[in-house]
Every structure is written in C-alpha cells, then in structure tokens.
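Novice: In the order they appear, the protein sequences are chains A and B. Under this note's numbering, read the first sequence as residues 1 to 471, first letter to last. Under this note's numbering, read the second sequence as residues 472 to 942, first letter to last. Provided herewith is a single structure, encoded as structure tokens, for subsequent inquiry.
Number of protein chains: 2
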Amino acid sequence: MALKDLFKQELKVVNIGLASFQEALHAYGTKSVHVDWRPPIEVAGPAKETIAARESDITRANAKVMEIILNGKPCLVGLDQAMHVIPGMTRNTILHAGPPVTWERMCGPMRGAIIGALIYEGLAKTPDEAEKLAASGDIHYAPCHEHCAVGPMAGIVSATMPVFILKNEAYGNFAYATMNEGLGKVLRYGAFSDEVIQKLKWMETTLYPALKAAIQKLGKIDIKNIIAQALHMGDEVHNRNRAATSLLFRQLAPSIVRTCADAETAARVLEFIHSNDHFFLNLVMAASKVTLDAARDIPHSSVAVVMARNGTDFGVQLSGTGNTWFTGLSPVPDALFFPGFTKDDANPDIGDSSITETNGLGGFAIAAAPAIVQFVGGSTQDAFNYTLQMYEITAGENNVYQIPNLNFRGTPTGIDVVKVIRKNITPFIDTGVAHKKPGIGQVGAGVLSAPIEPFRQAFEGLARKMSEAGK
Amino acid sequence: MALKDLFKQELKVVNIGLASFQEALHAYGTKSVHVDWRPPIEVAGPAKETIAARESDITRANAKVMEIILNGKPCLVGLDQAMHVIPGMTRNTILHAGPPVTWERMCGPMRGAIIGALIYEGLAKTPDEAEKLAASGDIHYAPCHEHCAVGPMAGIVSATMPVFILKNEAYGNFAYATMNEGLGKVLRYGAFSDEVIQKLKWMETTLYPALKAAIQKLGKIDIKNIIAQALHMGDEVHNRNRAATSLLFRQLAPSIVRTCADAETAARVLEFIHSNDHFFLNLVMAASKVTLDAARDIPHSSVAVVMARNGTDFGVQLSGTGNTWFTGLSPVPDALFFPGFTKDDANPDIGDSSITETNGLGGFAIAAAPAIVQFVGGSTQDAFNYTLQMYEITAGENNVYQIPNLNFRGTPTGIDVVKVIRKNITPFIDTGVAHKKPGIGQVGAGVLSAPIEPFRQAFEGLARKMSEAGK
Chain A
1 MALKDLFKQE LKVVNIGLAS FQEALHAYGT KSVHVDWRPP IEVAGPAKET IAARESDITR
61 ANAKVMEIIL NGKPCLVGLD QAMHVIPGMT RNTILHAGPP VTWERMCGPM RGAIIGALIY
121 EGLAKTPDEA EKLAASGDIH YAPCHEHCAV GPMAGIVSAT MPVFILKNEA YGNFAYATMN
181 EGLGKVLRYG AFSDEVIQKL KWMETTLYPA LKAAIQKLGK IDIKNIIAQA LHMGDEVHNR
241 NRAATSLLFR QLAPSIVRTC ADAETAARVL EFIHSNDHFF LNLVMAASKV TLDAARDIPH
301 SSVAVVMARN GTDFGVQLSG TGNTWFTGLS PVPDALFFPG FTKDDANPDI GDSSITETNG
361 LGGFAIAAAP AIVQFVGGST QDAFNYTLQM YEITAGENNV YQIPNLNFRG TPTGIDVVKV
421 IRKNITPFID TGVAHKKPGI GQVGAGVLSA PIEPFRQAFE GLARKMSEAG K
Chain B
472 MALKDLFKQE LKVVNIGLAS FQEALHAYGT KSVHVDWRPP IEVAGPAKET IAARESDITR
532 ANAKVMEIIL NGKPCLVGLD QAMHVIPGMT RNTILHAGPP VTWERMCGPM RGAIIGALIY
592 EGLAKTPDEA EKLAASGDIH YAPCHEHCAV GPMAGIVSAT MPVFILKNEA YGNFAYATMN
652 EGLGKVLRYG AFSDEVIQKL KWMETTLYPA LKAAIQKLGK IDIKNIIAQA LHMGDEVHNR
712 NRAATSLLFR QLAPSIVRTC ADAETAARVL EFIHSNDHFF LNLVMAASKV TLDAARDIPH
772 SSVAVVMARN GTDFGVQLSG TGNTWFTGLS PVPDALFFPG FTKDDANPDI GDSSITETNG
832 LGGFAIAAAP AIVQFVGGST QDAFNYTLQM YEITAGENNV YQIPNLNFRG TPTGIDVVKV
892 IRKNITPFID TGVAHKKPGI GQVGAGVLSA PIEPFRQAFE GLARKMSEAG K
C-alpha cells in the first residue's frame, strides 16, 4: 500500500464484538467501523482448524508470555568488546540483522557494512580485499538474534566492537548491542569509507572506555524507566529518541565527568551523545531483546519474540516455535526521501530495530509521537489510529509503558500471529531507509506495514508444531 | 469552583458563530455546545459601550501586539548579579512577585522569603532582626515586573543574587530571573532556614560562575527553540519542565565541563541541574517576560502583558493601559496537597510564573502535557479541553509554539480582556502551592482559573483610558 494511501484512507479499524474497544475509539473521536471487515488470510493445509481446536492452550501460553514480557526489567549494566561477552562470538564471526542469509543473497548495505567491519577488524586492508574475504567462506555469518544481540539497519557486530550489556534483572538473561554511530556516513547504513572506520575507532578508543567507566561508577541504569518516561515525552523510542537520549545524557553526564581522564575528553564524549538524538536507539533495542528473550520457548504460544529484517528477507520467530525462522521477502518502505533520492534508490526494509515494535514500542506506540507521522505527511489522528489498530493484533497491553494521548493506556504489546492472520492486519513499523548499493548510506525514513508472508508461515509453523506435539 | 468539579463537569466550551472552531473540536472528538452560553460579566459605567464603539481600534492594536509577541526571540545571553544589571536595583531594594504590596499586606511565604533574603544579603543576622528591618521602612519593595524581572512563587530578588540575562533579539530589550533552587526547603516558597541560605550561597559561589562561564563560551542559548521543542515533549513549561531542562542540560554540559576549574565542581553543577526538573522554569518565565515587555504600551490594545500574583492580590496589566495594575484578591488554589497538608494550610495563589500563561504557555498549553492533569485527577481529554477553551479568550495562536496532540495547532496566545469579560472565561493557570505561614515551604501543586475581578478592572480601565483619549 502506498504511504499516501495509508494516510488518506479512512483507517480500517476492525471491530468485531469488542464493544469496549469501540467505546475507547469513540472516546477519542476515532472513526471505527463494524462493516469494514477484512477476510482472514488464507493458510495452507489444516492449520486453521488445528489452531482453532487448540485455542485454550494458546491463550494460556500467551498469558504466560505476556507475564514474562511485562515483568521484564532491562538495565544497562556495562560495556565490553563483543568477543568477550557475546556467546559464541569469534574473531571471524560477523553478526548481522534479520534472519540468516548467505553472502550471495545479502543486500548492498549489508555487504557494505561487512566490508567496513572487516577493514575495521584489520582482517582486510581495502574494500576489494574485504569483499573477497567476505565471499571466501572463511567468515562465519550469523543473525545477531541467535547470539542474544540486536543491531539497527545492517546490524553488523564484529569481534572487537564495543557493545552495551543489558541485563533483564527479573530473569537474569543478557542482551547486547553496539553503540549508535550517529547520522551521516555510518556503517549501519552500509557506508565503509575511511571516515566511517575512523569514527568507529574513536568510539572504541574514547567513547567506549568513558561510558564503561561511567556506568561502572553508576552501577547500572534502569532502561525500562527511561523508556517509560520517554513515551510521556513525545518519543516512540524507535524513529524518535530525543527524550530518551536526553534522559540518558542527564544520568550519564556527572559520572562521565568524574571518570574521564581529562575535561576535553569528557566534553567530546558528551558532545558526541548530544549530537545524536538516536543515541538511545541501540539501548531500547537491546532492552526489548532482553525482555523478549526471557519469553522464548513457551510451548503453544503464538506471540512473536522476534521480528527482524536482513534487507532481503523479513523474519519472524514465535515463542511457541523455538528457533525456527519464518520468512518472506522484505518490502521496500514507503518513505520520505532525502533530497536527490527516490524509492528506486531504496533497499528493502532492513534491521533488527523492529524488535521495538515486537516489544510494543516504535510503530505500536506511535500515538505517543505524532511528530513522526507529521514528518511523513500524516496527522496526529493518523498516529492515534495506527496505535489503536495495533491493539487488534496484540495479546495484551503494557503495564508500565503508557501513551498519554490515549489517556495513559498501556502500549499494545505482544504480537499474536493468530490475530494477525485472522484479522489480516500486519504490524506497523517505523524505519530508516538505506541506499540499495553498498557504501552510500541513509536515503530516507518512513513507516511501513510488515509483509503478511512471514506471519502466514509462522501461523502454519505453529499449527504444524502443535499437531506434531499432539500426536 | 472546586477542582473536582472542574474535571467532572462537561467543560463549557462556548461556541458562538465560530464554525471553524466547532469543526476543530469535532475533529478531536471534543464535546462543544452551542447552547451552553454564559452571560457576560457585568462592568461598571459605560465601559461596555465604549469598548464596543472602539472595536476596530482595539482589533488593530491587538494585531500589532500579537505581531510583536510572535516575533519575539528570547535568548539566554549571560548571568550577572542583580545589582549590576537590573535597572533601578539597589543594595536595599527587594523585588517581589505580583503587583505592588506593602509589608503589612504581604502574605506569610513572601515575608518568609524576604527574611531569608535579608539574612542572605548580610543585612540581618537572625530572622527576628530581619523581620524588624523588613518592617522598618528602610527596605524598598517593588514588583519584579516593574524592573524587567520575574520570580516564581514569592519571587524575591535581592541585590547580590545572580540572575539570568534574557535578551529579546528581535527588539533589543532584556529581562531577568534568578536561578531555580530546586525542590524541598527553598526561599521562593517562604523557607529561610540555614539550609536554604547555604544552598543560595552555593548557587552564588559555585553554580553561578560555572553557568556564567559556560554561557559566555556558548555565546547564547536560544530559549524559544527549547520551549518549542519541549512542547513536543510533554512539557507545558510551567508545572512540567522535564524536557526543557533536559534539552538545556544537553546544551550546557560540554561547555560547563570545559570551563569549570575542576571535574568535581563540574560534576556537582551538572548534578544540581539534573536533580531539578524545574530548573528551566525561571528561564521560560524570563523568556516570556522579555517577549511580552516588547509588546507593552500599544495604545488601545486589550491584550494582557502581565498576569501576576503576590499571594495577596492577583494583578493584570494590559498593553493599552501602560503601567497601571488592575487587581483583585488572589484565590487559594485547589490542588493536590503533599501528605500532612490540606487546603487550610494553603496560601492564596502566588508568583510571577503566570507570565507563562500570559505568553500562551503553561495552563494554556496544557494539552501538550496531559500528565499534569492526570496528576491532579483529570483525564487527557480534560487537558485537551482546557487548552481548547483558552482559544476562546486569546487574540491569536502562536506560530512557533505548537501542540502535537491538537494536530500541531499553535498555542492560544495573547489574553484578550475583552473576550474574557464577554465570554466570562478566565485564564487557566498551573501553579505550585505555598504554606500560608512563613518558613515552611511548598505544600502542593495544582491548577486554577484566574479570578474575574482583575479582568473586570482592566476592562473598565481600558474603556476609561480610551474615552479619555477620545476627548
């Protein structure tokens, strides 16, 4: 669906038998319609019947998953280099965003970021050398998500890159993400020039030790608290992180000043964070990952614990289906493009940042951040409508993350693939857009609805697993 | 009107002939009513007829005033001690909030703050000594507003207190305000214990030089820009300044680090600002003052340029009536009281902070900060309604300060006393509540509607002046 159509159309809020939801809509003046019913998505084989027959098992499992998600307590507890903390990380491992993908099928910006990472690691001296090595079979590629990690856009994590360490204090598990590089020519959008590598080196040698010492002094930083506050301050913490970055900055600054060797270093570190309103993005991603990872592997659950794109495929994992990836082709986002670029330049949707939506944030909380919708030509009411629609496909509402504009209602949380298929409504995702060629970088930002295929696969996969288990 | 009534009642949005406004209300689902008409306030003599006859003069004058207000460009350009920069300030001058008031008529918290200021200045050694001096006739009292200054709550400014210097870059005028002391026992709420004085001394000897040097290095800070951003981040910049304080903090921190003599001092200065979400309040007040002062003395204008309370009287000044104060008794605010306190402990409304509402912020922009209304028991829709009602009594809408929740509509700006009287709607104000006895401090926070009397006086005063000028 074209972006302008998304906004110009009356939003199709399906309201079947949910009277309380209808009332909520009326309270905010939203036009909801009973008649505008969408046919459910067709699924293969007896999946529909299997799922229908096991509805109570699914409901019970989803309640358990929701409890774990809502109890999650993500805290930033430190930083270290990837190879020292990320499970299974080796010198020649490269982690990437989204589901598994071979070098041959990788998109341009992911290839560009890998070229940059190999140069950054000293494994190659030139882009040509790096490209040869990348294709040689000597590099082990794996999804971040399979190593307790997440990465925005290309999502590349290599051995010596410093990563934030997030701990879920309620369940004891950990998650990891690199530090956000800021805007302009950056690795995550597939750029790999000297300037990109030099900035990464400065981050490793100056920013990383400063943050590590500051957080050591503070003990930990409660990321859940910052996210909750930021939702009251116009962020949805995916495409807008100005408030969250500001709150983090305030907490970090005195400690950075006390632990840095000299004032000028402290000032430069502060300026780097101050100059990038997206600095918090990687933290909210890791916080979402560490929250959702605790809710993996609950048998029968139809709630998504991963939704991620590698720029070629869009992948989903459900709590009830273990480590299986369900995939479909990743769509090219409709977006507002930077001057000089068009949709023809755009790579298909890429990045693990949709872990925020999987955790009920980002596009799911966009009513908290109408400025984003305005940016791409929509109204405040459009933003409200998007969030209201997401309640249709979620298993519950958050008890801590609230949306002031919807009278402090909890964010729609826990994407239920059964509802996605039955209601034919896919998740709404905020996103950045990378150029499809390696080495160029960001060309726009926008919003999109997830493709239906990975959810159809997931629905069928869950049904298959349940009928096998039932045998 | 009791606070709970304010929220429980359907809000009386008067809509007479303004079809576009009615449409705007419908767009946001607000219940507006044509039938719920309030009789205009009765005014003395021929004032009503005079104003009606000169309507076109008033409209023209108000357009001029609005142009000046909207063009205002408040910037923080430095700090200095009051006696070095505030016009007419002397060693034995004490500036206070609100309209003029004698020691005899001053309320408890204002007296308490003056006792504290005299001890702070070394003019008295004990509270008893200070009280005698305060009542002796040797101290010159004057409203902050008559010296290009503003102060929250008691609003006390004495000779050596450091003040922010705000410049209106569009018109060249200046305004001044002290630095915010934070919460707890503070002078502005009438506390004067050793702890209060010691904190003020620390602010003078450590905070002030640090901020002065940091701002000198930066050149200036664009306060209008911070206000505009903060309105997109859940602040109405009167009772909620978390976002604005955070944005200011981010701008200041690197410069503080570079200019402070040592890291520990820099860290403490940063911690002081970080610990106080209201740190920005005094800046937005001075920014509003410097914006509105440029719009003074436009003949025939019925727009308020001052709305201020001294804890005894509530005073108003209009652009069209020069330095005349129009006053009425200040009401005791309905509020949420801190544990152990009730409305019986509350002082009548006090402070110059209503300069924010006079500038279209605070209570006028409360739709941007529904968390405040929730805090006192109301809903998000109540917050929307309050702001929507304020469009009824304002001369225009801001072109820079916007409310995302109302589809980025400009804040209702420029209180028009003619509309206030004709529609019988008084300004809606956010406020803090001081204990009525000196030496205690804050007991609550809340919202209130301004009393009608000062506006009736102002309406009559404008009519008088216009009919005199017409002779």
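Every residue, glycine too, gets a C-beta built ideally from N, C-alpha and C.
#1: What is the DSSP secondary structure of Lys132 (chain A), counted as helix, strand or coil?
#2: Would you say Ala630 (chain B) and Thr561 (chain B) are within 8 Å of each other, going by their C-beta atoms?
#3: With a 10 Å radius around its C-beta and 16 neighbouring C-beta atoms as the bar for buried, classify Tyr499 (chain B) as buried or exposed.
#4: Mind checking which residues open and close the beta strand (DSSP E) that includes Ser920 (chain B)?
#5: What are the residues in the stretch 185-216 of chain A lying within 7 Å of chain B by C-beta distance?
#6: What residues in its chain sit with their C-beta under 6 Å from that of Val101 (chain A), if we drop five residues either side in the sequence?
#7: In or out: Asn92 (chain A) buried (at least 16 other Cβ within 10 Å) or exposed?
#8: Against chain B, with Cβ distances strictly below 8 Å, would Arg250 (chain A) count as a contact?
#9: Measure the alpha-carbon distance for Arg531 (chain B) versus Glu357 (chain A) and round it to whole angstroms.
#10: Hey, is Glu742 (chain B)'s beta-carbon within less than 8 Å of any beta-carbon in chain A?
#11: Assuming Ala905 (chain B) is part of the beta strand (DSSP E), what are its boundary residues?
#12: Have a look at A:Ala458, A:Trp202, A:Ser467 and A:Glu195 and flag the residue whose alpha-carbon is nearest the alpha-carbon of Glu42 (chain A).
#13: Report the three-state DSSP secondary structure of Ile923 (chain B) (helix, strand or coil).
#14: Where Pro680 (chain B) and Glu271 (chain A) are concerned, what is the direct C-alpha to C-alpha distance, given to the nearest angstrom?
#15: What span of residues does the alpha helix (DSSP H) with Tyr208 (chain A) cover, start to end?
#16: Start and end of the beta strand (DSSP E) containing Asn870 (chain B)?
#17: In chain order, what residues of the same chain have a beta carbon less than 7 Å from the beta carbon of Gly932 (chain B), not counting five sequence neighbours either side?
#18: In angstroms with no decimal places, state the Cα-to-Cα distance between Gly867 (chain B) and Gln860 (chain B).
#19: Does Gln22 (chain A) have its Cβ less than 8 Å from a Cβ in chain B?
#20: Using CA atoms only, rank isn't needed, just tell me which of B:Glu735, B:Met778, B:Val728 and B:Asn895 is closest to Ala263 (chain A).
#21: How about Met650 (chain B): is its C-beta nearer than 8 Å to some C-beta of chain A?
#22: Leaving out five residues on either side along the sequence, give the residues of the same chain with a beta carbon under 8 Å from the beta carbon of Thr865 (chain B).
#23: Please compile the residues from chain A whose C-beta is within a distance smaller than 9 Å of the C-beta of Phe846 (chain B).
#24: Could you tell me if Gln198 (chain A) is buried or exposed, where buried requires 16 or more neighbouring beta carbons within 10 angstroms of its beta carbon?
#25: Compare the C-alpha of Ile440 (chain A) against each of A:Lys289, A:Leu247, A:Ala113 and A:His278 and name the closest.
#26: Taking 8 Å as the limit between beta carbons, can you name the residues of its chain near Ile86 (chain A), skipping five residues before and five after?
#27: Within its chain, find whatever has a CB closer than 7 Å to the CB of Val871 (chain B); leave out the 5 residues flanking it on each side and keep chain order.
#28: Contact defined as beta carbons within less than 8 Å: I believe Ile355 (chain A) pairs with Ala308 (chain A). What is the distance between those atoms, to the nearest angstrom?
#29: Would you call the CB atoms of Asp823 (chain B) and Ser790 (chain B) closer than 8 Å?
#30: Would you mind telling me which residues of chain A sit closer than 7 Å to Phe835 (chain B), beta carbon to beta carbon, in chain order?
#31: CB-CB under 6 Å to Pro810 (chain B), same chain, minus the five flanking residues each way: which ones, in chain order?
#32: Measure the CB-CB distance between Asn385 (chain A) and Val290 (chain A) and report whether it falls below 8 Å.
#33: Going along the chain, which residues of the stretch 846-868 of chain B sit with their C-beta nearer than 8 Å to a C-beta in chain A?
#34: Suppose the cutoff is 7 Å on Cβ atoms and the five residues either side in sequence are ignored; what does the same chain contact list for Pro331 (chain A) look like?
#35: If we define contact as Cβ-Cβ less than 8 Å, is Phe879 (chain B) a contact residue for chain A?
#36: By Cβ distance below 7 Å, which residues in the same chain neighbour Asn282 (chain A) in space, the five residues on each side in sequence not counted?
Specialist: Working from what's here:
#1: Reduced to three states, the DSSP call for Lys132 (chain A) is helix.
#2: Their beta carbons are under 8 Å apart, which means Ala630 (chain B) touches Thr561 (chain B) by this criterion.
#3: Because the pLDDT at Tyr499 (chain B) is just 45, under 50, the model does not fix this residue reliably, and the value given afterwards should be weighed accordingly. The C-beta of Tyr499 (chain B) has 16 or more other C-beta atoms within 10 Å across all chains shown, which makes the residue buried.
#4: Ser920 (chain B) -> beta strand (DSSP E) spans Gln913 to Ser920.
#5: The stretch 185-216 of chain A vs chain B, Cβ under 7 Å: nothing.
#6: So the list reads Asn310 and Thr312, once near-sequence residues are dropped.
#7: Burial call: exposed.
#8: At least one chain B Cβ lies under 8 Å of Arg250 (chain A).
#9: Arg531 (chain B) and Glu357 (chain A): Cα-Cα distance of roughly 52 Å.
#10: Interface annotation, Glu742 (chain B): in contact with chain A, CB-CB separation under 8 Å.
#11: Ala905 (chain B) -> beta strand (DSSP E) spans Phe899 to Ala905.
#12: The residue with the shortest Cα to Cα distance from Glu42 (chain A) is A:Ala458.
#13: The answer is coil: DSSP assigns Ile923 (chain B) none of H, G, I, E or B.
#14: Going from the Cα of Pro680 (chain B) to the Cα of Glu271 (chain A) covers about 21 Å.
#15: In the DSSP assignment, Tyr208 (chain A) falls within the unbroken alpha helix (DSSP H) covering Tyr208 to Leu218.
#16: Looking at the DSSP string, the run of the beta strand (DSSP E) that includes Asn870 (chain B) is Thr865 to Ile874.
#17: These residues qualify, in order along the chain: Thr792, Thr795 and Phe797.
#18: Those two C-alpha atoms are separated by around 13 Å.
#19: Annotation note: pLDDT 37 at Gln22 (chain A) (below 50); position unreliable, no value reported.
#20: Ranked by Cα distance from Ala263 (chain A), the first of B:Glu735, B:Met778, B:Val728 and B:Asn895 is B:Val728.
#21: No, its Cβ sits nowhere closer than 8 Å to a Cβ of chain A.
#22: Spatial neighbours of Thr865 (chain B) in its own chain (CB-CB distance under 8 Å, excluding positions within 5 residues in sequence) are listed in chain order as Gly831, Phe835, Pro883, Thr884, Gly885, Ile886, Asp887 and Lys890.
#23: Those within 9 Å of Phe846 (chain B) in chain A number zero; the least Cβ separation is about 11 Å.
#24: When all chains shown are included, Gln198 (chain A) counts as exposed.
#25: Answer by Cα proximity: A:Ala113.
#26: Contacts found: Leu95, His147, Cys148, Ala149, Val157, Val163 and Tyr176.
#27: If we look at Val871 (chain B) and ignore the five residues flanking it on each side, its Cβ neighbours are Lys695 and Ala699.
#28: Correct: roughly 7 Å between the Cβ atoms.
#29: For Asp823 (chain B) and Ser790 (chain B), no; Cβs fall outside 8 Å.
#30: For Phe835 (chain B), no chain A residue has a Cβ inside 7 Å of its Cβ, as the nearest lies near 18 Å away.
#31: Here the set comprises nothing.
#32: Cβ distance not < 8 Å, so Asn385 (chain A) and Val290 (chain A) don't count as in contact.
#33: Among the residues of the stretch 846-868 of chain B, those with a Cβ less than 8 Å away from any Cβ of chain A are Ser850, Thr851 and Gln852, in the order of the chain.
#34: Around Pro331 (chain A): Pro348, Asp349, Leu448 and Pro451.
#35: Closer than 8 Å: yes.
#36: Excluding sequence neighbours, Asn282 (chain A) sits near Pro152, Phe164, Ala177, Thr178, Met179 and Asn180.
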